[in-house]
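K.L.:
Residue numbers (this note's numbering): 42 to 309.
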Amino acid sequence: MFPARLLWHGVYMNILFTGDMVGSTGRQVFLRVTQRLRAEGRIDLVIANTENAAGGRGPSPEIVEAIFASGADAQTLGDHVWDDKTLTSLLNTEPRLIRPANFPPAAAGRGMTTIETGEGPVCMISLVGRVFMDPVDCPFRTADRLIGMAKTKTILVEFHAEATSEKIALGRYLDGRVTAVLGTHTHVQTSDETILPNGTAYITDLGMTGPKDSVIGREVEPVVQRFITGMPQKFDAAKKDPALEGVILDIDMKTGKARSIERIRARE
Ligand SMILES: [Fe+2]
Ligand SMILES: [Fe+2]
Numbered sequence: 042m043f044p045a046r047l048l049w050h051g052v053y054m055n056i057l058f059t060g061d062m063v064g065s066t067g068r069q070v071f072l073r074v075t076q077r078l079r080a081e082g083r084i085d086l087v088i089a090n091t092e093n094a095a096g097g098r099g100p101s102p103e104i105v106e107a108i109f110a111s112g113a114d115a116q117t118l119g120d121h122v123w124d125d126k127t128l129t130s131l132l133n134t135e136p137r138l139i140r141p142a143n144f145p146p147a148a149a150g151r152g153m154t155t156i157e158t159g160e161g162p163v164c165m166i167s168l169v170g171r172v173f174m175d176p177v178d179c180p181f182r183t184a185d186r187l188i189g190m191a192k193t194k195t196i197l198v199e200f201h202a203e204a205t206s207e208k209i210a211l212g213r214y215l216d217g218r219v220t221a222v223l224g225t226h227t228h229v230q231t232s233d234e235t236i237l238p239n240g241t242a243y244i245t246d247l248g249m250t251g252p253k254d255s256v257i258g259r260e261v262e263p264v265v266q267r268f269i270t271g272m273p274q275k276f277d278a279a280k281k282d283p284a285l286e287g288v289i290l291d292i293d294m295k296t297g298k299a300r301s302i303e304r305i306r307a308r309e
């Protein structure tokens, strides 16, 4: 008796999507855990949000390339995309690297891409929220427009946003029209992973791939001092208690529907 996955190989695909990667600690735990999950046959494709992969700040082209080499099939960014000015040309030329689509149209890079896999094409769309964040175009209308342009059944929407209400609302707005809506940005994993009523997989936040002994990835004491004194502090990325957080989506590539969403927290 073969497991269903083997019988149906080529139809079902498991995608690991990981939350905001922070610093070298995050890069190292990402490499170790994804290698193990691949060796165990649990994942076919890996997508990582890497917006804080350079010491907590946006990555350089060299860091992006190193993360591809360490096992990411695609990478997404967020509000930290412009931290390293040298990333601009790679954003324009690397189709596996996207930033939020609802930035001004003249911004470098792209907010939507299609990854070709052995099991079929996967469209990815990145959006950033507007609540407690810098002004951008409407993520809801941008999603409508881009979903209309997508030529694949499997569409993953990452929503990089602060407010839980905005994220849940976008999930419900897109329910039944996309494979998954996955939140990022807060660095705190939520336990609300679910399949919404019309079949879209959803989680409010994937969490963080980085040092858990921290304040959302930074050393604790400077952040505490900043709140106590109101004075500027240097926020270095923390190092201790690395974990990879995210979800594994089991997708029927013929229909583009997620069969399940499993929340992952691999703590070392
Ligand atoms: Fe962010
Ligand atoms: Fe982040």
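Virtual Cβ for every residue (Gly too), placed ideally from N, Cα, C. Remember, it's a predicted structure, so these values are computed and weren't measured experimentally.
Where do the N-terminal and C-terminal ends of the beta strand (DSSP E) with residue 251 fall, by residue?
P.N.:
Unbroken beta strand (DSSP E) run through residue 251: 249-252.
K.L.:
DSSP state of residue 301, grouped into three classes?
P.N.:
In the structure shown, residue 301 sits in a strand (DSSP, three-state: E or B).
K.L.:
At a cut of 8 Å, does the segment 221-228 reach the segment 236-249 through at least three beta carbon pairs?
P.N.:
Yes, the segment 221-228 is in contact with the segment 236-249.
K.L.:
List the DSSP bridge partners of residue 164.
P.N.:
BP columns for residue 164 point to 155, 196.
K.L.:
Residues in its own chain within less than 6 Å of residue 45 by CB, not counting five upstream and five downstream?
P.N.:
Here residue 45 scores only 43 on pLDDT, less than 50, and its place in the model is too uncertain to base an answer on.
K.L.:
What's the C-alpha gap between residue 136 and residue 189?
P.N.:
Using only the alpha carbons, I get a separation of about 20 Å.
K.L.:
At which residues does the alpha helix (DSSP H) containing residue 106 begin and terminate?
P.N.:
It spans 102-110 - the alpha helix (DSSP H) in which residue 106 sits, taken as one unbroken run.
K.L.:
As a quick exercise: from 249, 263, 283, pick the residue whose alpha carbon is nearest that of residue 275.
P.N.:
Selected option, being the one with the closest Cα: 263.
K.L.:
From the DSSP output, read off the bridge partner residues of residue 244.
P.N.:
Residue 244 pairs with 223.
K.L.:
Just to confirm, does residue 246 get its C-beta within under 6 Å of one of the non-hydrogen atoms of ligand 2?
P.N.:
No, the beta carbon of residue 246 sits no closer than 6 Å to any heavy atom of ligand 2.
K.L.:
Whole angstroms are fine: how far does the CA of residue 79 sit from the CA of residue 199?
P.N.:
Answer to the nearest angstrom: the Cα atoms are 23 Å apart.
K.L.:
When DSSP labels each residue in this structure, what does residue 52 get in the three-state scheme?
P.N.:
Correct three-state label for residue 52: coil.
K.L.:
Using only the alpha-carbon positions, how far apart do residue 289 and residue 305 sit?
P.N.:
Each residue's Cα considered, the two are about 7 Å apart.
K.L.:
With DSSP as the reference, identify every bridge partner of residue 256, one or two as the case may be.
P.N.:
In the DSSP output, where bridge partners are listed per residue, residue 256 has 259.
K.L.:
Taking 6 Å as the cut-off, is the CB of residue 120 close to at least one heavy atom of ligand 4?
P.N.:
Annotation note on ligand 4: not contained in the displayed structure, which lists ligand 1 and ligand 2 as its ligands.
K.L.:
Counting only the same chain and skipping the five closest in sequence on each side, list residues whose C-beta sits under 8 Å from that of residue 53.
P.N.:
45, 46, 160, 291, 292, 293, 294, 300, listed in sequence order.
K.L.:
Since residue 287 sits in a beta bridge, which residues does DSSP pair it with?
P.N.:
DSSP output for residue 287 lists 59, 305 as bridge partner(s).
K.L.:
Determine, using beta carbons only, whether residue 114 and residue 87 come nearer to each other than 7 Å.
P.N.:
A contact, by the Cβ cut-off of 7 Å.
K.L.:
I need the straight-line Cα distance from residue 143 to residue 180, nearest angstrom please.
P.N.:
In a straight line, the C-alpha of residue 143 is about 6 Å away from that of residue 180.
K.L.:
In chain order, what residues of the same chain lie with their CB nearer than 8 Å to the CB of residue 261, ignoring the 5 residues before and after it?
P.N.:
So the qualifying residues of the chain are 254, 255, 279.
K.L.:
Within the same chain, show all residues whose beta-carbon is closer than 8 Å to that of residue 251, passing over the 5 residues directly before and after it, in chain order.
P.N.:
Closer than 8 Å at Cβ, skipping near neighbours: 61, 62, 63, 64, 66, 67, 70, 93, 228, 258, 278, 279, 283, 284.
K.L.:
Any heavy atom of ligand 2 closer than 6 Å to the Cβ of residue 92?
P.N.:
Indeed, a heavy atom of ligand 2 lies less than 6 Å from the Cβ.
K.L.:
So the candidates are 97, 211, 73; which of them puts its Cα closest to the Cα of residue 202?
P.N.:
Of 97, 211, 73, the residue nearest in Cα terms is 211.
K.L.:
Which of the three DSSP states, helix, strand or coil, is assigned to residue 216?
P.N.:
In the structure shown, residue 216 sits in a strand (DSSP, three-state: E or B).
K.L.:
Assuming residue 168 and residue 141 are in contact, meaning their beta carbons sit under 8 Å apart, how far apart are those beta carbons, in whole angstroms?
P.N.:
With a Cβ gap of about 6 Å, residue 168 and residue 141 count as contacting.
K.L.:
Assuming contact is defined by CB atoms lying nearer than 7 Å, are residue 158 and residue 164 in contact in what I supplied?
P.N.:
No, they are not a contact pair.
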